[in-house]
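J.: Our numbering puts the first residue of the sequence shown at 5, with every later residue one more than the last. Ideal placement from N, C-alpha and C gives every residue a C-beta, glycine not left out. Pasting a structure here, questions to come.
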Amino acid sequence: MVGCMVVMPRERWTDEKLDKAFGRIDGALHELRVEMRKGFEKIDQRFEQIDKRLEQMDRRFERVEGRLDAVPRNMIICFVTINASFIGGLVATQL
5 MVGCMVVMPR
15 ERWTDEKLDK
25 AFGRIDGALH
35 ELRVEMRKGF
45 EKIDQRFEQI
55 DKRLEQMDRR
65 FERVEGRLDA
75 VPRNMIICFV
85 TINASFIGGL
95 VATQL
């Protein structure tokens, strides 16, 4: 079976062919790097937008937190006022 196979001559790679092949590869890699840089710049811009949104959310949460901190104080004032009114009403009915 081996005796029937046609032997093809081996192609010789000259320096010119090698330079041309590596030149194409270098060009393709350069294009890929440029494309990747553009992609990373877009990603960086998106992260900057996300950072701005998160800063806005932080400010909003701080405002909400300030309102929630006032709730116990307001509840205490309300309970004291109701109790004072109730006690005042009891004292007034006893007189």
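Please state whether DSSP places residue 58 in a helix, a strand or coil.
T.: helix
J.: Please report the straight-line C-alpha distance between residue 98 and residue 75, rounded to a whole angstrom.
T.: 35 Å
J.: Taking the C-alpha atoms as reference points, what is the distance between residue 28 and residue 49?
T.: 32 Å
J.: Under three-state DSSP, which class holds residue 36?
T.: helix
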